[in-house]
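Worksheet for the structure shown next.
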Amino acid sequence: KMDKFVQSSQKQLSELRSGSGANPSLVENVMITMNDDSKRPLKSLASIVVKNPKCLTLNVFDKTTTGAISKSIASEDLGLNPQQINENSIDIPIPKMTKEMRENVVKNAKKIAEGAKDKIRDLRRNGMTKIKAQKEGASKDDIFHDEQVLQKLTDDMITKIDNLVDQKEKEIMK
Numbered sequence: 004k005m006d007k008f009v010q011s012s013q014k015q016l017s018e019l020r021s022g023s024g025a026n027p028s029l030v031e032n033v034m035i036t037m038n039d040d041s042k043r044p045l046k047s048l049a050s051i052v053v054k055n056p057k058c059l060t061l062n063v064f065d066k067t068t069t070g071a072i073s074k075s076i077a078s079e080d081l082g083l084n085p086q087q088i089n090e091n092s093i094d095i096p097i098p099k100m101t102k103e104m105r106e107n108v109v110k111n112a113k114k115i116a117e118g119a120k121d122k123i124r125d126l127r128r129n130g131m132t133k134i135k136a137q138k139e140g141a142s143k144d145d146i147f148h149d150e151q152v153l154q155k156l157t158d159d160m161i162t163k164i165d166n167l168v169d170q171k172e173k174e175i176m177k
């Protein structure tokens, strides 16, 4: 279960803007509010193509959703301004990241990491409770060993998350 939280945070971190130019992961999971107020991820409504290092192009599958897609992307806190080219195409120019934008992305990365670490610590706490509940039929050495194994696993997972965030921060700030 702990590994699941590491993978989840890695996925979330990869979706954060890093300043390395146009990347489909910037927008592919943006939830688009449809005309009937339902929400769908952008990647199910359009193909996302890197037009050049400074621009993404969306090829919309259904022209009736083009307006909703533009509006939803513009309303996200991504600093993007989609431009409708025709009824089936939207260009998304990727602006150069300012120092302030970079700092905000790093702050979000640290929030993601802290959330994952909290979940891992909760799992550790639950595991320790279960280990302590097994007192009957288990020696103190066995209990101590199980606690040590759980603690090492927890420390390893938290270190992985810290390394992911450090790596992402370097990528963002360069």
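For the sequence shown, our numbering gives the first residue as 4, with consecutive numbering after it. Positions of the beta carbon are idealized from the N, C-alpha and C atoms, including for glycine. Note that the coordinates shown come from a computational prediction; the quantities given were computed from them, not determined experimentally.
In DSSP terms, what Asn62 is bridged to: Ser50, Ser92
Under the three-state DSSP convention, the category Pro44 falls into: strand
Supposed contact pair Ala141 and Ser11 - C-beta distance, whole angstroms, cut 8 Å: The pair is not a contact, with the Cβ atoms about 33 Å apart (cut-off 8 Å).
First through last residue of the alpha helix (DSSP H) which encompasses Ile164: 143-176
Residue from Ile115, Arg128, Glu139, Phe64 whose Cα sits closest to the Cα of Val168: Ile115
Start and end residues, alpha helix (DSSP H) containing Ile72: 69-78
Under the three-state DSSP convention, the category Ile35 falls into: strand
CB of Ile93 within 8 Å of CB of Leu45, strictly: no
Cβ contact (3+ pairs, closer than 8 Å) linking the region 73-84 and the region 151-160: no
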